[in-house]
Amino acid sequence: MRRFESRVERMIREATERGEFDNLPGAGKPLDLTDSDDPDWWVKRKIRDENLDSSALLPAPLQLRREAQDFPESLRDIADEAAVRDILVDFNRRVREAHLASRQIALPHSVVAHTVDVDDMIRRWRALRR
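In structure tokens form, the structure reads like this:
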């Protein structure tokens, strides 16, 4: 009896016959399924395997708090005061947006980012630049 072979199955069979799957990394080794119970296993593994920055996965308030911790040092190399002011004003805008969004998705209120005093931060930035 002849078995039906789908197009994909045929392509895989032909590639196997041509040896296109020979000598692949990990060939003949069992798959690592130790974390397969976690619904985010593939994201976590990708981050680990490719040494990616995982801070983008944090909730917005935590990302903003981390960003604020680096002020004004993270602004040190910016030569233009207007550009620094724009960055800080944008930061405060994102904090306000995160506040509104957190109310809609019911994040714990203990996870809060605070706006920065733009003028004070610019004074501190000027002092760093001296």
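Count along the sequence shown from 1, then add 591; that gives the number in my numbering. From the three backbone atoms N, C-alpha and C, an ideal C-beta is built for every residue, glycine too.
Task: Where the alpha helix (DSSP H) containing residue 653 begins and where it ends - done: Your numbering for residue 653 matches position 62 in the sequence shown. First-last of the alpha helix (DSSP H) with residue 653: 651-660.
Task: Buried versus exposed call for residue 716 [16 or more other C-beta atoms within 10 Å across all chains shown] - done: By 1-based counting over the sequence shown, the position of residue 716 is 125. So residue 716 counts as buried.
Task: 6 Å CB neighbourhood of residue 673 in its chain, flanking five on each side removed - done: Here the question's residue 673 lines up with position 82 in the sequence shown. Counting only Cβ-Cβ distances below 6 Å, and skipping sequence neighbours, we find nothing.
Task: Local Cβ density within 10 Å of residue 602, reported as buried at 16 or more and exposed below that - done: The sequence position of residue 602 within the sequence shown is 11, counting from 1. Classification for residue 602: exposed.
TODO: Kindly confirm or deny that the segment 626-645 and the segment 674-693 touch, where touching means at least three C-beta pairs closer than 8 Å.
DONE: no
Open item on the list: By the DSSP assignment, the alpha helix (DSSP H) with residue 620 in it spans what residues?
Closed with: Against the sequence shown, residue 620 aligns to sequence position 29. First-last for residue 620: undefined, no H or E at that position.
Open item on the list: Quick check on residue 645: does DSSP put it in helix, strand or coil?
Closed with: The residue given as residue 645 occupies position 54 in the sequence shown. Reduced to three states, the DSSP call for residue 645 is helix.
Task: Given residue 656 as reference, the closest of 628, 676, 686 once Cα atoms are compared - done: For the purposes of this step, residue 656 is identified with residue 65 of the sequence shown, where counting begins at 1. For the residues 628, 676, 686, the minimum Cα distance to residue 656 belongs to 686.
- [ ] Return the first residue and the last residue of the alpha helix (DSSP H) that residue 607 is part of.
- [x] By 1-based counting over the sequence shown, the position of residue 607 is 16. Start and end: 598-609.
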